[in-house]
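Peer 1: Below you'll find the structure I mean.
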Amino acid sequence: MPELPEVETVKNQLAPHITGRTITNVSLLWERMVKGQDPTEFLTLVTGQKIMDVTRHGKYLIVHLGSGNKLILHLKMTGSLILGNKTDAEPPQYARAIIHLDDGQNVYFRDPRKFGVMKLVADTKEIDAKLGPEPLAEDFTMQYFSDGLGKRTAPVKAFILEQKFIAGVGNMYADEALFAAGIDPRRPANSLKKTEIKRLYTAIREVIAAGIKYGGASVVTYYHPDGSVGTAHEHFNVAHNQKKICTVCGGPVERIVVRGRGTYYCPRCQK
DNA sequence: CCCGGAACCTGAAGGC
DNA sequence: TGCCTTCAGGTTCCGG
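Counted the way numbering that gives the first Met the number 0 counts, the first sequence spans residues 0 to 270.
This is the structure in structure tokens:
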């Protein structure tokens, strides 16, 4: 599942290859992935545009075009971007869109589940408004985190998954952060004590930073644009834990459902 | 406003 | 072996 560290890795790998290139054409193999706009109009506005920059906000990838418009990509759960070129015999399986560049490169938007989204916008205000501070940014302060938690009764895991509260945390890193902080994911957000809040705050920043450091996690269907894989999942303690054994206490890792999300946690280590 | 659950999708995995 | 059901989960939408 692409979360902040995975999207950051995609951006870092993709940017040097595509910045400065011009989009000669886009093949939409699944038109409905274009949101908020008629696909024909979308193609008109994207074709011929130079790629000025590639950035990330939360789990959104933002391609800045010469016209000033931004091409927003969201990989959702099973999306990935693969670099190839026009000599490829055929696109990868589940390719839903192909961005053709003027130097012969192709960027394939691959997505088995068809949840992925492309959107062309004049500015990023619309998505910025949906996102809270980035976990590693200066405006994500202890005070902000603590104040936010105190106002909510939802399970703490559900709350830290809200993009409007913290941008970029998804299911895997939420589980890892709660494990590192020793907190039961079902606890009401406002029930956390000061020391627990502090531990969770630090844990969120640490698991996200580690995720980026290891090039993201490669579980289920996530691949880097160059075909390599990240290793962040090798450092996970509970998320997608195959052995079902806690790396700290040796006890069983259990899978429960919190707010409809599969949740891995260690009942002995997390209270 | 807040909460929880469903919908969007389809491949993979598990049950009978 | 093969059909059928269930599960996966980022985001948005909807009902209470």
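Backbone N, C-alpha and C define an ideal beta-carbon position, used for all residues, glycine too.
Round the Cβ separation of Pro184 and Thr262 to the nearest angstrom and send it over; I've been treating them as touching at under 8 Å.
Peer 2: Yes, Pro184 and Thr262 are in contact; Cβ-Cβ is about 5 Å, under 8 Å.
Peer 1: With DSSP as the reference, label Glu253 as helix, strand or coil.
Peer 2: Glu253: strand per DSSP, three-state reduction.
Peer 1: Once DSSP output is grouped into helix, strand and coil, what is the label at Ile50?
Peer 2: Three-state DSSP puts Ile50 in a strand.
Peer 1: Which residue marks the beginning of the alpha helix (DSSP H) containing Thr230, and which one marks its end?
Peer 2: No alpha helix (DSSP H) contains Thr230, which DSSP labels as neither H nor E.
Peer 1: Under 8 Å by Cβ, that's how I've got His234 and Tyr213 pegged, so tell me the actual separation to the nearest angstrom.
Peer 2: With 8 Å as the limit, His234 and Tyr213 qualify as a contact, their Cβ atoms being about 6 Å apart.
Peer 1: Taking Leu70 as the reference, give the member of Thr77, Gly103, Ser79 and Lys49 with the closest Cα.
Peer 2: Of the listed residues, the one whose Cα sits closest to Leu70 is Lys49.
Peer 1: What is the rounded straight-line gap between the Cα of Glu40 and the Cα of Ile81?
Peer 2: Cα to Cα, Glu40 sits roughly 25 Å from Ile81.
Peer 1: With 16 other CB atoms within 10 Å as the buried threshold, where does Gln12 fall?
Peer 2: Buried.
Peer 1: According to the Cβ coordinates, are Arg112 and Pro91 closer than 7 Å?
Peer 2: No.
Peer 1: Should the stretch 2 to 9 be called in touch with the stretch 31 to 47, which here means at least 3 C-beta pairs below 8 Å?
Peer 2: No, the stretch 2 to 9 is not in contact with the stretch 31 to 47.
Peer 1: Who does His63 pair with in a DSSP beta bridge?
Peer 2: His63 is bridged to Asp52 and Lys69.
Peer 1: Would you mind reading off the limits of the alpha helix (DSSP H) that contains Lys10?
Peer 2: Looking at the DSSP string, the run of the alpha helix (DSSP H) that includes Lys10 is Leu3 to Ile17.
Peer 1: If I follow the unbroken alpha helix (DSSP H) through Phe178, where does it start and stop?
Peer 2: Its alpha helix (DSSP H) spans residues Asn170 to Ala180.
Peer 1: So which of Gly65, Ser145 and Lys150 has the shortest CA-CA distance to Leu44?
Peer 2: The shortest Cα separation from Leu44 among Gly65, Ser145 and Lys150 belongs to Gly65.
Peer 1: Measuring only the C-alpha atoms, how far is Pro224 from Arg55?
Peer 2: Rounded to whole angstroms, Pro224 to Arg55 spans 15 Å at the Cα level.
Peer 1: Within its chain, find whatever has a CB closer than 7 Å to the CB of Ala296; leave out the 5 residues flanking it on each side and keep chain order.
Peer 2: This structure leaves residue 296 out entirely; the chain is present only between 0 and 270.
Peer 1: CA-CA distance, Ser217 and Ser26?
Peer 2: In a straight line, the C-alpha of Ser217 is about 27 Å away from that of Ser26.
Peer 1: For Val237, which three-state DSSP category applies?
Peer 2: Note: Val237 maps to coil in three-state DSSP.
Peer 1: Does the distance from the C-beta atom of Leu60 to that of Leu42 stay below 7 Å?
Peer 2: No. Outside cutoff.
Peer 1: Can you list, in chain order, the residues of its chain whose CB lies under 8 Å from that of Leu191, leaving out five sequence neighbours each side?
Peer 2: These residues qualify, in order along the chain: Leu148, Val155, Ile182 and Leu199.
Peer 1: For Leu199, write down the residues that DSSP places opposite it in a beta bridge.
Peer 2: Beta-bridge pairing links Leu199 to no other residue.
Peer 1: Three-state secondary structure (DSSP) at Gly147?
Peer 2: Note: Gly147 maps to helix in three-state DSSP.
Peer 1: Are there 16 or more other CB atoms within 10 angstroms of the CB of Lys129, so buried, or fewer, so exposed?
Peer 2: So Lys129 ends up on the exposed side.
Peer 1: What is the DSSP secondary structure of Arg185, counted as helix, strand or coil?
Peer 2: Of the three classes helix, strand and coil, the one that applies to Arg185 here is coil, per DSSP.
Peer 1: Among all the DSSP beta bridges, which residues are the ones paired with Val106?
Peer 2: Bridge partners of Val106: Leu82 and Ile98.
Peer 1: Return the chain-ordered list of same chain residues with a C-beta closer than 8 Å to the C-beta of Met32, the five sequence neighbours on each side being excluded.
Peer 2: Arg95, Ala96, Phe108, Asp110, Lys113, Gly115, Val116 and Met117, listed in sequence order.
Peer 1: Are Asn236 and Phe178 closer than 7 Å when you measure CB to CB?
Peer 2: Yes.
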